[in-house]
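Take -5 as the starting number for the sequence shown in the numbering used here and just add one per residue.
Think of the CB as a built atom: it goes at the ideal place given N, C-alpha and C, for glycine as much as any other residue.
Just below is one structure, and these are the notes that go with it.
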Amino acid sequence: MHFGMFWTSETNKEEPVLEIKNITISYQDRPAVKDFSMSLKEGKIASLVGESGSGKTTVIRAVLGLLAGGGKVTEGDILFEGKSLLNHTPDQWRRLRGTDISMIFQESGAMLNPIRKIGDVFVEYIRTHEDINKKEAWRKGVEMLERMRLPGGDNIMRSYPFQLSGGMRQRVGIAMAMTFQPKLLLADEPTSALDVTTQAQIVRQMMELRDEYGTSIIVVTHNLGVAAYMSDWIVVMKDGRISDSGDRDAILHENQNAYTRKLLDAVPSLGGKRYV
């Protein structure tokens, strides 16, 4: 099993959308992630799975150039469409974030300004990346909300975040992230704050976005059940390193890794049926 790499026979000739090459990420010279590698092709979904503190979120924040607290990639490289991201200027990052690469945060409601209406924030976001007037941006926002199966997009645009349920706020976050049809979507625990029924709806919608737009997706989750349901490729992290990786079937059915087995055993059954 080759750790962290994702290739499929039918797409071998294609360049990967994202290639992470042996990166080490350090905070004040202390490594938080060590020797991490993975590669992701167009239209594929990979999950980073592991306990809290295993380095999952640090990896995707490094991809988006948003490492907090002085974190730096001290070794290796991150390539997006064959070009290194590590030397990007602030202006290059501004053009890239929210367009070619987008991110869904763990609780999208927390990212929305509680004293501003959804529409004000959404219109501002759209106009930051596209030269259109407010009316056109509003119409585009409504259209994206309705694509996320949020009926009454105009009403949602006129609402404050606290007037929406957690699932609705998360759909708003996904709608914003998908506005410019990104080539790569990074999702940080996108379902962890939601009830089980809403989790399933959000996961299905993300898979539909992949099917509709060909978007490549990396999902960070501690829930191996979610990863097993939606992913083509699973990377298991422990203490800042890759503990295990493989395609879904290999991880679920052919696996001998003790830590992965422990994570699998922790996935609950539902009505006596196990989904991993």
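Residue i, DSSP secondary structure in three states
i       : result
Leu73   : strand
Glu248  : coil
Ala26   : strand
Gly240  : strand
Tyr154  : coil
Thr185  : coil
Thr93   : coil
Asn149  : helix
Ser3    : No answer about Ser3 holds up, because its pLDDT of 34 lies below 50 and its placement is not dependable.
Phe(-3) : Unreliable positioning characterises Phe(-3) in this predicted model, as indicated by a pLDDT of 44, which lies under 50. A coordinate reading is not provided.
Neighbourhood of residue i by C-beta distance below 8 Å, restricted to the same chain and skipping five residues each side
i      : result
Gln100 : Asp182, Glu183, Pro184, Ser186 and Ala187
Glu8   : Lys35 and Glu36
Cβ pair residue i, residue j closer than 8 Å
i      : j      : result
Ala169 : Arg141 : yes
Lys35  : Gly70  : no
Ser41  : Thr215 : yes
Leu139 : Phe74  : no
Leu235 : Asp23  : This sequence places Arg at residue 235; Leu is not what is there. Their beta carbons are not under 8 Å apart, which means Arg235 does not touch Asp23 by this criterion.
Ala19  : Thr51  : The residue asked about is misnamed: residue 19 is Ile in this sequence, not Ala. Contact: no.
Val117 : Gly146 : no
Val115 : Asn127 : no
Gly44  : Val261 : no
When the options are compared against residue i, the one with the closest alpha-carbon
i      : options                           : result
Ser78  : Pro10, Gly113 and Gln199          : Pro10
Leu144 : Asn217, Lys38, Arg165 and Thr215  : Arg165
Gln199 : Thr52, Glu75 and Ile98            : Ile98
Arg110 : Pro155, Gly208 and Thr173         : Pro155
Phe174 : Phe30, Leu80, Glu75 and Thr93     : Thr93
His247 : Lys232, Ile228 and Arg235         : Ile228
Ser96  : Tyr119, Ser33 and Lys129          : Tyr119
Gly49  : Asp259, Ile17, Arg121 and Gly219  : Ile17
Gly76  : Leu58, Ser33 and Arg88            : Ser33
Asp259 : Asn217, Gly208 and Ser237         : Asn217
Ser225 : Leu58, Gly59 and Val197           : Val197
Pro25  : Thr83, Asp238, Asp233 and Glu202  : Asp233
Glu137 : Asn127, Ile150 and Glu202         : Ile150
Pro176 : Ser159, Met201, Gly167 and Thr209 : Thr209
Trp87  : Thr68, Val67 and Val57            : Val57
Gly47  : Ile72, Val27 and Ser31            : Val27
Ala194 : Leu179, Leu180 and Ala222         : Ala222
Glu202 : Val190, Leu179 and Asp189         : Leu179
Ser237 : Leu90, Val220 and Lys256          : Lys256
Asp271 : Gly167, Glu206 and Ser159         : Outside the shown range of the chain (-5 to 270) lies residue 271, about which nothing can therefore be said.
Leu80  : Asp148, Gln157 and Val67          : Val67
Same chain only: Cβ atoms within 6 Å of residue i, ignoring 5 sequence neighbours per side
i      : result
Thr192 : Gly161
Ser153 : Ile112
Leu61  : Arg55
Arg133 : none
Span of the alpha helix (DSSP H), counted from its first residue to its last, around residue i
i      : result
Pro84  : Pro84 to Leu90
Asp205 : Val190 to Tyr207
Met138 : Lys128 to Arg141
Val261 : Run containing Val261: none; DSSP gives neither H nor E here.
Val214 : Unbroken run through Val214 is the beta strand (DSSP E), Ser210 to Thr215; no alpha helix (DSSP H).
Val53  : Lys50 to Val57
Ala221 : Leu218 to Met224
Thr122 : Ile112 to His123
Val166 : Gly160 to Met172
Residue interval of the beta strand (DSSP E) (run including residue i)
i      : result
Leu179 : Leu178 to Asp182
Lys232 : Trp227 to Lys232
Ser41  : Ile39 to Val43
Ser46  : Counting along the chain, Ser46 falls outside any beta strand (DSSP E), and DSSP gives it neither H nor E.
Lys15  : Leu12 to Tyr21
Neighbourhood of residue i by C-beta, 7 Å cutoff - its chain only, sequence neighbours within 5 removed
i      : result
Arg204 : Gly37, Ile39 and Ile211
Tyr21  : Gly63, Gly64 and Gly65
Ala131 : Val117, Ile120 and Arg121
His123 : Gly92, Thr93 and Phe174
Asp241 : Asp226 and Trp227
Check: residue i C-beta below 7 Å from any heavy atom of the ligand SAH
i      : result
Val229 : As far as ligands go, the structure on display features none, and thus does not contain the ligand SAH.
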